[in-house]
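**Q** Residue 136 in UniProt numbering sits at position 136 of the sequence shown, and the numbers go up by one each step.
Don't be surprised by glycine CBs; every beta carbon is placed ideally from N, CA and C.
Note that the structure is predicted; figures quoted are calculated from it, not measured.
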Amino acid sequence: MTGPDTPDWPRLAALDPRLPSPVQEVVDARLERRGVRLVLKRDDLIHPELIGNKWRKLAPNLAAADGRAVVTFGGAYSNHLRATAAAGRLLGIPTVGVVRGEELAGRPLNPSLARCVADGMRLHFTDRAAYRRKSEPRALAALLRAADAEDAYVVPEGGSNAEAVRGCLALGAELRGQADVVAVACGTGGTLAGLAAGLAPGQRALGVPVLKGGFLTAEVGALQHQAFGGPRGTWHLDDRFHFGGYARVPAELDAFAADFERRHDLPVERLYVAKLLYALVALAGEGAFPRGTAVAAVITGRPFP
Ligand SMILES: *Cc1c(COP(=O)(O)O)cnc(C)c1O
1 MTGPDTPDWP RLAALDPRLP SPVQEVVDAR LERRGVRLVL KRDDLIHPEL
51 IGNKWRKLAP NLAAADGRAV VTFGGAYSNH LRATAAAGRL LGIPTVGVVR
101 GEELAGRPLN PSLARCVADG MRLHFTDRAA YRRKSEPRAL AALLRAADAE
151 DAYVVPEGGS NAEAVRGCLA LGAELRGQAD VVAVACGTGG TLAGLAAGLA
201 PGQRALGVPV LKGGFLTAEV GALQHQAFGG PRGTWHLDDR FHFGGYARVP
251 AELDAFAADF ERRHDLPVER LYVAKLLYAL VALAGEGAFP RGTAVAAVIT
301 GRPFP
């Protein structure tokens, strides 16, 4: 199936994505005790390399790029950079990654960036000040010039633009009738913005930010405005489960994730998915869901490597 806005680009279709992604019921005693049903929306199974929400967000952008080189932005451990690099190799498209931190340039690459390079991505390291200013058109133009990527199709940091948000409509649509609450971990909030818009009336979306800062409500609103012209669907954020910020995985969270893996035979990605699942168990424990609620957890990724 293709979703409402899934672009029909033959080279993407040839990668044979598993769409709609499977929905899997799990029995977790901690939720069952509270009368809450849990289903896992297995977006991690969409494609072995273009994983989860990265497929949903990149697919419409790759279609729009239509074979041109793609340039995008990320930190040294960005899942988004890796997904873009993999897409470049799979589709035969040149990719350029602008990486935050010029001090990384002279050093051995970490495993995540090494994978990007192995997939053919050309990396350009930039200082943090220039990186931060990339939302200003003139600063962006200068950065693209420095990266020798002026003619490339630009995908923003984290991959969230209007195309990406609309690409996540299908995720919501696939979950119609499957749950009362659909929960997802949030980085930029693009996935939540699209997902919430795709749900049926009466369903609501819950976002769990993995970054500290509390800025995401405005961001999700702005992304919905860009993609749809205004607010869509029912959604809210619970800001209590970032565990100190992006890529912070304290021992308690790691132990929770390892235990969840044993209970349910699910590989739990630590930077996003672990925080989401932890939040759902905590919320159920607090009695935040009325008895009889069905909750869908979107499994947006898989552990790396
Ligand atoms: C990128 C990513 C997210 C965040 O998606 P946003 O659309 O930026 O909110 C969530 N989970 C995983 C596993 C990711 O790689």
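1. Assuming Ala139 and Ala147 form a contact by the criterion Cβ under 8 Å, report the distance between their Cβ atoms to the nearest whole angstrom.
2. Over what stretch of residues does the beta strand (DSSP E) that includes Cys116 continue unbroken?
3. Between the Cα of Arg238 and the Cα atoms of Ala83, Val249, Lys275, which residue gives the shortest distance?
4. Are the CB atoms of Gly88 and Asp119 nearer to each other than 8 Å?
5. Give me whichever residues DSSP pairs with Leu50 in a beta bridge.
6. If we count the other Cβ atoms within 10 Å of its Cβ and call it buried at 16 or more, is Gly92 buried or exposed?
7. Locate the alpha helix (DSSP H) running through Glu219, then write down its first and last residues.
8. Let me check understanding here. Comparing Cα to Cα, which of Ser135, Ser160, Glu252 lies closest to Asn79?
9. Three or more beta-carbon pairs under 8 Å between the stretch 244-258 and the stretch 205-222, yes or no?
10. Using DSSP's beta-bridge definition, name the partner residues of Gly186.
11. Where Leu50 and Val298 are concerned, what is the direct C-alpha to C-alpha distance, given to the nearest angstrom?
12. Is His225 a contact residue of ligand 1, with contact defined as CB to any heavy atom under 7 Å?
13. Helix, strand or coil: how does DSSP classify Tyr153 here?
14. Return helix, strand or coil for Gly97, following the three-state DSSP convention.
15. Helix, strand or coil: how does DSSP classify Phe260 here?
16. Roughly how many whole angstroms lie between the Cα atoms of Ala164 and Val117?
17. Classify Gly301 as buried or exposed, calling it buried when 16 or more other Cβ atoms lie within 10 Å of its own Cβ.
18. Which residues does DSSP list as the beta-bridge partners of Phe73?
19. Quick check on DSSP: helix, strand or coil for Met1?
20. What three-state label does DSSP hand Ala294 in the structure shown?
21. Give every residue of the same chain whose Cβ lies closer than 6 Å to the Cβ of Thr2, excluding the five residues on either side of it in the sequence, and list them in chain order.
22. Taking the straight line between their C-alpha atoms, what separation do you get for Arg11 and Pro48?
23. Apply the 10 Å Cβ neighbour rule to Pro4 and answer buried if 16 or more other Cβ atoms are within range, or exposed otherwise.
24. Who are the Cβ neighbours of His124 in its own chain at under 8 Å, not counting the five residues just before and after it?
25. For Asn61 and Ala294, what's the separation of their Cα atoms in angstroms?
26. On the three-state DSSP scale, how would you describe Thr300?
27. Using 10 angstroms around the beta-carbon of Asn110, count the other beta-carbons present and answer buried if the total reaches 16, otherwise exposed.
28. Which class does Arg204 belong to by DSSP, given the choice of helix, strand or coil?
29. Could you pull out every residue in the same chain whose Cβ sits closer than 8 Å to the Cβ of Arg270, ignoring the five residues on either side in sequence?
30. Grab me the residues of Gly214's own chain with a C-beta within less than 7 Å of its C-beta, minus the 5 sequence neighbours each way, in chain order.
31. Between Leu224 and the rest of its own chain, which residues show a CB-CB distance below 6 Å, the 5 nearest in sequence each way excluded?
32. Mind reading off the beta-carbon distance from Leu216 to Ala197? Whole number of angstroms is fine, and I expect it under 8 Å.
**A** Let me lay it out:
1. The Cβ separation is near 12 Å, so there is no contact.
2. For Cys116, there is no enclosing beta strand (DSSP E); the residue is part of the alpha helix (DSSP H) that begins and ends at 111-118.
3. The sequence given here has Asp at residue 238, not Arg. Comparing Cα positions, the closest option is Lys275.
4. yes
5. In the DSSP output, where bridge partners are listed per residue, Leu50 has none listed.
6. Result: exposed.
7. 216-228
8. Ser160
9. They touch, by the three-pair rule.
10. Reading the sequence as shown, one finds Cys at residue 186 and not Gly. According to DSSP, which records beta bridges pairwise, Cys186 is partnered with Pro209.
11. 16 Å
12. no
13. In the three-state reduction of the DSSP assignment, Tyr153 falls in the strand class.
14. Reduced to three states, the DSSP call for Gly97 is strand.
15. helix
16. Each residue's alpha carbon lies about 24 Å from the other.
17. buried
18. Val98
19. Only weak support exists for where Met1 lies, its pLDDT of 38 falling under 50; the value from the coordinates is given anyway. Of the three classes helix, strand and coil, the one that applies to Met1 here is coil, per DSSP.
20. strand
21. Confidence at Thr2 is low in this model, with a pLDDT of 41, below 50, so its placement is unreliable and the value that follows should be read with caution. If we look at Thr2 and ignore the five residues flanking it on each side, it has no Cβ neighbours.
22. Roughly 16 Å between the two C-alpha positions.
23. Because the pLDDT of Pro4 is 40, which lies under 50, any placement of that residue in the model is unreliable, and the number read from its coordinates should be weighed accordingly. Burial call: exposed.
24. Val96, Gly97, Val98, Val99, Ala146, Ala147, Asp148, Ala149
25. 33 Å
26. coil
27. exposed
28. strand
29. Val249, Leu253, Asp254, Ala257, Pro303
30. Asp239
31. According to the sequence shown, residue 224 is Gln rather than Leu. Around Gln224: Ala193, Pro231, Arg232.
32. The beta-carbon separation of Leu216 and Ala197, rounded to 16 Å, does not stay under the 8 Å limit for a contact.
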